[in-house]
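Q: Going letter by letter, the sequence shown gives residues -14 to 193 in the working numbering.
Ideal Cβ placement from N, Cα and C applies to all residues, glycine included.
If you're wondering where the values come from, they're calculated on a predicted model, not measured in any experiment.
Structure provided below as structure tokens; questions to follow.
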Amino acid sequence: MSFSILKRLPLFSPPFVNVMASSSFYCGVQSKRFLVLAQQLRHYKPPPCSWDDNEERIIEEAAGKFVSQVGFQESVTRVAQNPEKFRPKRASVLICLFEGDAGDLRVILTKRSSRLSTHSGEVSLPGGKADEGDKDDGDTATREAKEEIGLDPSLVNVITVLEPFLSKHLLRVVPVIGVLNDRKAFKPTPNPAEVDAVFDAPLEMFIK
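Here it is, written out as structure tokens:
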């Protein structure tokens, strides 16, 4: 899996933020630096997405190949020839951030099960396809995280989404950014059918 998706996080210079007002929303987040970042992300608004209204035009303009924003390249000639039959299925991934013991920003990752038919054994963000009962992309991402790694949705404050991208399997994937508000309360319980391991890594590794 390519992690260039994480380079799209809007980590900009901190403006003035009322940290006292923010702390009640991000209970369990300790440092002022993290509170400022979380508040910034909460107010981030991604550019308008054109997928809903212009899917067919985008596919036709792909000229036989489509390179997603996470680095995948996939032939979509068959889709370009029959755009009226193409409607990308929706999925979400959870970029769940928390503050490490050293004050660094960290992100929760998984190692996919070696028994899966696709991308087996790869490192991935938790997430998956939307269900009909999901209210929004955040609901999809947190539901999938609970199913895959036992992350209780009540422990995650969903604060924004990034622009969607088209995966190599022609899924429209929406990155959802969340803050883990109580790291000690999270006890990873990987679903053996989907996940071999749950771990975390410094966010800095992926955004340089």
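1. Measuring alpha carbon to alpha carbon, tell me which residue in Q24, A23, L90 and V78 is nearest E189.
2. Which term fits G163, buried or exposed, when burial requires 16 or more other beta carbons within 10 angstroms of its beta carbon?
3. Using alpha carbons as the reference points, say which of A170, N176 and G88 lies closest to G112.
4. Given R63, which residues of its chain have a CB within under 8 Å of its CB, disregarding the five upstream and five downstream residues?
5. List the whole-angstrom C-beta distance separating A186 from L110, where the pair is believed to meet the contact cut-off of C-beta under 8 Å.
6. In whole angstroms, what separates the C-alpha of I192 from that of K120?
7. Here's the rule: buried if 16 or more other CB atoms are within 10 angstroms of the residue's CB, otherwise exposed. What is G118?
8. Cutting at 8 Å between CB atoms, please list the residues of its own chain near S99, excluding the five before and the five after it.
9. For V164, list the residues DSSP reports as bridge partners.
10. Per DSSP, what are the beta-bridge partners of F150 in this structure?
11. Please confirm whether V159 and V143 have their CB atoms less than 8 Å apart.
12. Restricting to Cα atoms, I'd like to know which of A126, R157 and S139 is closest to R75.
13. If L165 sits next to L79, beta carbons under 8 Å apart, how far is it from one beta carbon to the other, in whole angstroms?
14. Quick one: what does DSSP say F184 is sitting in, helix, strand or coil?
15. Have a look at K114, E148 and P149 and flag the residue whose alpha-carbon is nearest the alpha-carbon of E132.
16. Does F19 pass the burial test, meaning 16 or more other C-beta atoms within 10 Å, or should it be called exposed?
A: On the basis of the coordinates in this document:
1. To locate residue 189, count along the sequence shown from 1; it is residue 204. With distances taken between CA atoms, E189 lies nearest to L90 out of Q24, A23, L90 and V78.
2. Numbered from its first residue, the sequence shown carries residue 163 at position 178. By the neighbour-count rule (16 or more Cβ atoms within 10 Å), G163 is buried.
3. Position 127 of the sequence shown, counted from the start, is the residue given in the question as residue 112. If we check each option's Cα against that of G112, N176 comes out closest.
4. What you label residue 63 is simply residue 78 of the sequence shown in a count that begins at 1. Bear in mind that the predicted position of R63 carries a pLDDT of just 42, short of 50, making it unreliable; the figure below should be weighed with that in mind. Around R63: no qualifying Cβ.
5. The residue you call residue 186 lines up with position 201 of the sequence shown. The residue you call residue 110 lines up with position 125 of the sequence shown. Contact doesn't hold; Cβ gap of about 11 Å is too wide.
6. Here residue 192 refers to the residue found at position 207 of the sequence shown. Here residue 120 refers to the residue found at position 135 of the sequence shown. Taking the CA atoms as reference points, I192 sits about 30 Å from K120.
7. Against the sequence shown, residue 118 aligns to sequence position 133. Answer is exposed; the Cβ neighbour count stays below 16.
8. Residue 99 sits at position 114 when you count from the first residue of the sequence shown. Apart from sequence neighbours up to five positions away, the residues of its chain that approach S99 with a beta-carbon distance below 8 Å are S105, G106 and D181, ordered along the chain.
9. Taking the first residue of the sequence shown as position 1, residue 164 is located at position 179. According to DSSP, which records beta bridges pairwise, V164 is partnered with L82 and N142.
10. If you number the sequence shown from 1, residue 150 lands on position 165. Answer is V158, bridged to F150.
11. Position 174 of the sequence shown, counting from 1, holds the residue named residue 159. Position 158 of the sequence shown, counting from 1, holds the residue named residue 143. Cβ atoms of V159 and V143: not closer than 8 Å.
12. For the purposes of this step, residue 75 is identified with residue 90 of the sequence shown, where counting begins at 1. Considering only alpha carbons, the answer is R157.
13. Locating residue 165 in the sequence shown gives position 180, counting from the first residue. Locating residue 79 in the sequence shown gives position 94, counting from the first residue. Contact doesn't hold; Cβ gap of about 10 Å is too wide.
14. What you label residue 184 is simply residue 199 of the sequence shown in a count that begins at 1. Three-state DSSP puts F184 in a strand.
15. Here residue 132 refers to the residue found at position 147 when the sequence shown is read from its first residue. The shortest Cα separation from E132 among K114, E148 and P149 belongs to K114.
16. Counted from its first residue, the sequence shown places residue 19 at position 34. Answer is buried; the Cβ neighbour count reaches 16.
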